[in-house]
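One structure is given here, and the rest of the page talks about it.
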Amino acid sequence: MLNKLIIKKKIKTFHKKIKISGDKSISIRWVLLASLANGRSRAKNLLLSEDVISSINAIKKFGIKVKYNANYCDIYGKGLNGYKFQKNIIIDSGNSGTLGRLIMGLLINTPYPIKLIGDKSLSKRDFKRIADPLSKFGAKFQLKKGINLPLKIYGSNKLQGFKYFEKKGSAQCKSAVIFAGMRAEGSTIIKAKKSRNHTELLYKYLKLPIYINKKKNFDFIKINKIKKINTINYDIPSDISSSAFFIALTTLVNDSSLIIKNVNTNPTRIGVVTILKKMGANITFKNKSTYNGEERADIHIKSVNNLNPINCPISLNSKAIDEFLIIFLVAAKANGVSSFKNLSELDKKESPRLQLGSKLLRSMGVKTITTKNSIKIFGDPNLEINKKIIIKDYFKDHRIFMTSVVAALSFGGNWEIHDKDSIKTSFPKFLNIINDLINDKKKKKYY
Ligand code: S3P
């Protein structure tokens, strides 16, 4: 099968109701926690992407039984100390930073060294940011060049809680410490810059001893050692990060509308909506509800004729951290210069996203001024592309692929986008939904 996508035509008007796959952050956390529960946990709408399959394969290495099909996934946890540790276990995190980093927290008590590996992109990423705080509990880590994968975990059975200051706004760092904290003696106290809080909400739902004191810029979190995790039956909402590509597409094309059903609208995740609304996008949440502490809603989007530029408040950065590529693309159509700052973390994702996002815009003829942690985008409301654009050598970053598809369908041009299989990491059904929108013959308006 050809692993590149050719797009030569803009998408036409569409009016559709769609369903997006399950949230990746919640799916991975559910798999990991369910593997330590006492008994069978069942998830519906679990994301079956490569990152989540890697998580399932990881827990299977410790003797945990998993059954899944298109409708649900069952995990047969054997309790907090139920992992069967053996010599020479290798965990392959594939492309997933969330799995690689969170599982380090879970494996902190391993009696045998465990090797953690990942794909080419993950092997370039920073794992010292996890090894450093986890070492404070009493475990040891050996990393390639002191920073990268492959790494080895040397666990300890004398773990001691400590005080950790998480300054990056990284939910992965925070969650790894929360996971390790539940195995340590005494309390673990985290002062964490605001970031997504799915781990904390799952702990609360499971009635585990976690105490959270929210301040303006930081959360103070206390975790005590736990004895038991109850089974976790969970109906996973759709992923806002995957939805963002369709929110942007509908915003950018003419006279279209879209309803995305049952999306996770956790306030720590919806920066993309806040930013696009500030730019003039027409996005509303309907049918709002709360499920185990997680907010969810149907998202209604309508195209708009005019988009304002934005001077993006840095307080929104962590809430939109995975969505900046697609936000930059919307800024390319704004009526003026948009500015985004304090984004050094973006270059530490699956690819150097700030630099590659800027490169993508420039290849489209959009002027940008980019530094190591900021970008200015000179928007053009009449942006039209009439040339050939080839997208390749981008570390197979799924979000670069999907942003390029939205760019091609919104602005025209003759696109050749390589490494189509990159979407398998987070959103295998992305192109199926795109095809449904392209083939919308009925053009029936839902509202
Ligand atoms: C994630 C946290 C974020 C995000 C990643 C998923 C999570 O990373 O970029 O895609 O599920 O905890 P950081 O915590 O490193 O910012």
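Counted the way this note's numbering counts, the sequence shown spans residues 789 to 1235. Glycine residues also receive a C-beta, built at the ideal position from the N, C-alpha and C atoms.
- Per DSSP, the unbroken alpha helix (DSSP H) holding PRO921 starts and ends at 916-923.
- Relative to the ligand S3P, LEU922 has its C-beta separated by 8 Å or more from all heavy atoms.
- Spanning the alpha carbons of LYS951 and ASP914 requires a straight line of approximately 22 Å.
- When beta bridges are read from the DSSP output, VAL1051 appears opposite SER1026, ALA1085.
- Within the same chain, and ignoring the five residues on either side of ASN1099 in sequence, the residues whose Cβ sits closer than 6 Å to its Cβ are SER1127.
- Annotation: SER1214 is outside any beta strand (DSSP E) and is labelled neither H nor E by DSSP.
- Distances taken from the Cβ of CYS861 to the heavy atoms of the ligand S3P include none shorter than 8 Å.
- Buried is the label assigned to ASP811, since at least 16 other Cβ atoms lie within 10 Å of its Cβ.
- Taking 9 Å as the cut-off, the Cβ atoms of GLU838 and SER911 do not count as close.
- CA-to-CA, the gap between PHE1215 and ILE1163 works out to about 27 Å.
- Collapsing the DSSP output to three states places CYS1100 in coil.
- Here the C-alpha atom of ILE977 lies approximately 31 Å from the C-alpha atom of ASN845.
- ILE941 counts as buried, since at least 16 other C-beta atoms from the protein chains shown sit within 10 angstroms of its C-beta.
- Within 8 Å of the C-beta of ASP1110 there is at least one heavy atom belonging to the ligand S3P.
- ILE1211 has its CB no nearer than 8 Å to any heavy atom of the ligand S3P.
- In the pairwise beta carbon analysis, the stretch 795-808 is classified as not touching the stretch 1009-1019: fewer than three pairs are separated by under 8 Å.
- With a cutoff of 8 Å, SER1103 does not count as near the ligand S3P, since its C-beta is closer than that to no heavy atom of the ligand.
- Between ALA831 and ILE1024, the alpha-carbon positions lie close to 7 Å from each other.
- Using a Cβ-Cβ distance cut-off of 8 Å, the stretch 966-985 and the stretch 1033-1049 are not in contact, since fewer than three pairs of beta carbons, one from each stretch, lie closer than that value.
- Taking each of PRO899, LYS1136, VAL1051 in turn and checking the Cα distance to ALA1085, the smallest one comes out for VAL1051.
- Taking the Cβ of ILE816 as the reference point, at least one heavy atom of the ligand S3P falls within a distance shorter than 8 Å.
- The DSSP-derived three-state label of GLY1167 is coil.
- DSSP, read as helix, strand or coil, puts HIS1186 in helix.
- Taken through DSSP and simplified to helix, strand or coil, SER823 comes out as coil.
- The beta-carbon separation of LEU1171 and VAL1154, rounded to 7 Å, stays under the 8 Å limit for a contact.
- Linking LYS792 to ASN897 through their CA atoms gives a straight-line distance of about 44 Å.
- Boundaries for GLY865: no alpha helix (DSSP H) harbours it, while the beta strand (DSSP E) harbouring it runs 860-866, taken from the DSSP string.
- Distance check between LYS1003 and each of LEU990, ALA980, LYS805 places ALA980 closest, using alpha-carbon atoms only.
- Under the DSSP definition of a beta bridge, GLN930 partners with LYS940.
- In the same chain as VAL1118, and ignoring 5 residues on each side of it, the C-beta atoms closer than 7 Å to its own belong to ALA1036, THR1039, LEU1040, LEU1064, MET1067, LEU1095, in chain order.
- Relative to the Cα of GLN930, the nearest Cα in the group ALA972, TYR1182, MET892, GLN960 belongs to MET892.
- By a beta-carbon distance limit of 8 Å, TYR1022 contacts TRP818. Their separation comes to about 5 Å.
- In the three-state DSSP reduction, THR1019 falls in the coil class, being neither helix nor strand.
- As summarised for the stretch 931-999, the continuous alpha helix (DSSP H) elements at least 4 residues long and confined to that stretch are 959-969, 986-993, given in chain order.
- Around the Cβ of SER983, a 10 Å sphere holds 16 or more other Cβ atoms; the residue is buried.
- Contact between ILE935 and LYS916 holds: CB atoms are separated by about 5 Å, below the 8 Å threshold.
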